[in-house]
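Student: The structure under discussion is supplied below as structure tokens; questions concerning it will follow.
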Amino acid sequence: MIDQSTLWTVIISLGLGSFALRFVFLGVVGNRPLPDWLLRHLRYTAVAVLPALIAPLVLWPPATGGETDPARLLAAFAAIAVGLWTRNVIGAIVAGAAMLYLGLYLLG
Amino acid sequence: MQTTKSPYWQGFGAGAPFVLILVPFSTLFGVVATEAGLSVLEALTMSLVVVAGAAQFTAVQLMSEQVPVFIVILAALTVNLRMAMYSASLTPHLGAAPVGLRALVAYFTVDQTYACSVAAYEANPDWQLRQKLAYFFGVATPILPAWLGFTLVGSLVGATIPESWALDFAIPITFIALVAPILRTRAHRVAALVAIAMSLALAWMPYSLGVIVAGFIGMAAGAEVERRMVAKGTWT
């Protein structure tokens with residue numbers, strides 16, 4: 001269970017921080033151009049940070065006590081394959097969920 | 001003769017299809033947040049204040065792992081670093097607006113409003129500030145209510161969903177589904193693979209710090225591949 005003071009600290013700080021990230025150039029920096037190297041790094045935030053965040057959860061799911069789970073692993077691969085192939089976010093979610101339930105049903 | 005009404009409705013039309021993507025995504029956030037112990041009001045406040053799906057999922061996931069607050073905020077803000085890039089590329093178009101309006105633009109800067117607006121500004125170089133602002137808020141008009149409304153729906157139904165649904169895995173699947181379609185170039189794929197490898201290799205670090213370090217190493221790897229491809233003339 002999440003502690004109340006933790007939760008509200010996170011909500012408020014994250015709200016302020018996210019707004020600051022959105023306002024930083026628009027509001028403060030104005031029309032000055034940004035260095036290329038900075039923009040080049042920012043381009044890869046989503047494709048680096050999100051996989052880094054979930055890789056341990058895919059391989060060692062907390063729900064199984066950290067034990068690698070074939071159903072969850074297969075579900076992850078199904079979502080990757082369909083996402084790469086169709087470029088469709090919802091299609092990839094559906095494929096991952098379908099594989100997860102199929103795997104849990106057959107292997108669980 | 002350009003009116004401000006027409007760019008607004010053009011923006012509205014461009015934003016409307018994204019509601020289809022936001023409905024399952026925001027519903028899922030409501031469900032996952034409720035499962036993690038957030039009340040309906042708390043989940044809704046988070047969507048209203050943060051307005052960034054991936055960062056919200058990240059924060060909820062790490063909070064339920066009992067990671068220290070500082071790390072939760074740092075990780076979720078790292079996920080949101082791309083918003084700074086959006087802010088930077090909107091600035092040449094909207095930077096001349098009054099500060100209050102710029103603050104409002106900043107609040108409404110999400111993946112969809114940014115992507116639609118920048119594409120429209122490039123397609124309509126004759127647009128003045130007024131038309132550009134109208135278009136931007138046109139895109140935002142259908143998106144924000146959908147985001148909040150379906151967070152509410154998700155958090156209302158979340159409490160009724162049984163544990164056998166394995167919702168712990170909703171976040172990993174959603175993030176994979178968000179990332180896989182945008183792995184367009186070799187630089188993007190290298191960034192993702194390096195980040196995954198580093199994250200697994202650094203899993204021993206306390207407080208999930210390995211995730212943040214791995215994210216930055218992945219970003220640097222992607223940027224370096226792009227730099228080399230540009231130098232060799234193979235970057236398109």
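Note that the protein sequences, when read in sequence, are chains A and W. 1 is the number of the first residue of the first sequence in the UniProt record's numbering; add one for each residue after it. 1 is the number of the first residue of the second sequence in the UniProt record's numbering; add one for each residue after it. Idealized CB from N, CA, C, for every residue including glycine.
What are the start and end residues of each continuous alpha helix (DSSP H) run of 4 or more residues lying completely inside the stretch 45 to 124 of chain W, in chain order?
Tutor: Within the stretch 45 to 124 of chain W, the complete alpha helix (DSSP H) segments of 4 residues or longer fall at 53 to 64, 69 to 79, 81 to 94, 99 to 107 and 111 to 123, listed in chain order.
Student: Can you give me the C-alpha to C-alpha distance between Arg22(A) and Ser87(W), rounded to a whole angstrom?
Tutor: 5 Å
Student: Tell me, to the nearest whole angstrom, how far the beta carbon of Val49(A) is from that of Val69(W); I am working on the premise that it is less than 8 Å.
Tutor: That belief does not hold up - the Cβ atoms of Val49(A) and Val69(W) are roughly 19 Å apart, past 8 Å.
Student: What residues from chain A crowd round Ile71(W), counting only those whose CB sits closer than 8 Å?
Tutor: None at all; the shortest Cβ gap to chain A is about 10 Å.
Student: Could you tell me which chain W residues have their CB closer than 7 Å to the CB of Leu57(A), listed as they occur along the chain?
Tutor: For Leu57(A), the neighbours in chain W by C-beta distance under 7 Å run, in chain order, Pro172.
Student: Thinking C-beta only, is Gly154(W) closer than 8 Å to Trp31(W)?
Tutor: In the sequence as presented, Trp is not what sits at residue 31(W); that position holds Val. For Val31(W) and Gly154(W), yes; Cβs fall inside 8 Å.
Student: At a CB-CB cut-off below 9 Å, which residues of chain A make contact with Thr58(W)?
Tutor: Val49, Leu50 and Leu53
Student: Output yes or no for whether 8 Å exceeds the beta carbon distance between Leu167(W) and Pro56(A).
Tutor: no
Student: So, for Tyr101(A): in the same chain, excluding its five sequence neighbours on each side, which residues have a beta-carbon less than 6 Å away from its beta-carbon?
Tutor: none
Student: Please tell me whether Pro51(A) and Val72(W) are closer than 8 Å, where the distance is taken between their beta carbons.
Tutor: For Pro51(A) and Val72(W), no; Cβs fall outside 8 Å.
Student: Is Leu107(A) buried or exposed, if buried means 16 or more other CB atoms sit within 10 Å of its CB?
Tutor: exposed
Student: Could you pull the start and end residues of the alpha helix (DSSP H) that Met198(W) belongs to?
Tutor: Arg186 to Ala201
Student: At what residues does the alpha helix (DSSP H) containing Ala55(A) begin and finish?
Tutor: Thr45 to Leu59
Student: Let me make sure I understand the geometry here. Which of Thr141(W), Thr151(W), Glu163(W) and Ile182(W) has the alpha-carbon closest to that of Pro24(W)?
Tutor: Thr151(W)
Student: In chain order, what residues of the same chain have a beta carbon less than 8 Å from the beta carbon of Leu38(W), not counting five sequence neighbours either side?
Tutor: Met46, Val60 and Ser155
Student: Are the C-beta atoms of Gly96(A) and some chain W residue less than 8 Å apart?
Tutor: yes
Student: Which residues in the same chain as His93(W) place their Cβ atom closer than 6 Å to its Cβ, once the five residues preceding and following it in sequence are excluded?
Tutor: Tyr121 and Lys132
Student: Would you mind sorting residue 283(W) into buried or exposed? The rule is 16 or more other CB atoms within 10 Å of its CB.
Tutor: Outside the shown range of chain W, which is 1 to 236, sits residue 283(W), and nothing can be said about it.
Student: Assign Gly65(A) to one of three DSSP states: helix, strand, or coil.
Tutor: Coil at Gly65(A), not helix or strand.
Student: Could you list the residues in the stretch 75 to 86 of chain W with a C-beta less than 8 Å from some C-beta on chain A, going in chain order?
Tutor: Ala75, Ala76, Leu77, Thr78, Val79, Asn80, Leu81, Arg82, Met83, Ala84, Met85 and Tyr86
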